[in-house]
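Visitor: Numbering (the working numbering), first residue to last: 1 to 87.
Glycine is no exception: its CB is placed at the ideal position from the N, C-alpha and C atoms.
Note that the coordinates shown come from a computational prediction; the quantities given were computed from them, not determined experimentally.
(1) How far does the alpha helix (DSSP H) with residue 44 in it extend, from its first residue to its last?
(2) Give the DSSP-derived three-state secondary structure of residue 32 in the structure shown.
(3) Short check: CB of residue 25 to CB of residue 75, under 7 Å?
(4) Taking the DSSP output, what are the residues bridged to residue 10?
(5) Report yes if the C-beta distance between residue 9 and residue 64 is below 7 Å; otherwise report no.
(6) Measuring only the C-alpha atoms, how far is residue 32 from residue 20?
Written out as structure tokens, the structure is:
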């Protein structure tokens, strides 16, 4: 793999029912591609970064790939796998 590792971040919050299956699916994908999954609770992060919750709080879960929005409300698995395979 290239020295530049892909970073996958899941933006979530407590009580988000759609976030649990998204986390499980992203965990599987990250294991397959030997990547780390970072999960950020937008409500907890709001103390230091209120813009994060303001930007993404109404679309959770949100998947970021290398810091850029990749999908929201659900994981676009086919697109994410294709994007990871092409890097």
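Guide: Put simply:
(1) For the purposes of this step, residue 44 is taken as residue 44 along the chain shown, with counting starting at 1. Residues 42-45.
(2) Taking the first residue of the chain shown as position 1, residue 32 is located at position 32. The answer is helix: DSSP assigns residue 32 an H, G or I state.
(3) Stepping through the chain shown from its first residue, residue 25 is reached at position 25. Stepping through the chain shown from its first residue, residue 75 is reached at position 75. Yes, these two residues count as a Cβ contact at 7 Å.
(4) For the purposes of this step, residue 10 is identified with residue 10 of the chain shown, where counting begins at 1. Bridge partners of residue 10: 39 and 63.
(5) Residue 9 sits at position 9 when you count from the first residue of the chain shown. Residue 64 sits at position 64 when you count from the first residue of the chain shown. Result yes, Cβ atoms of residue 9 and residue 64 sit closer than 7 Å.
(6) Reading the chain shown from its first residue, position 32 is the one you call residue 32. Reading the chain shown from its first residue, position 20 is the one you call residue 20. Taking the straight line from one Cα to the other gives about 19 Å.
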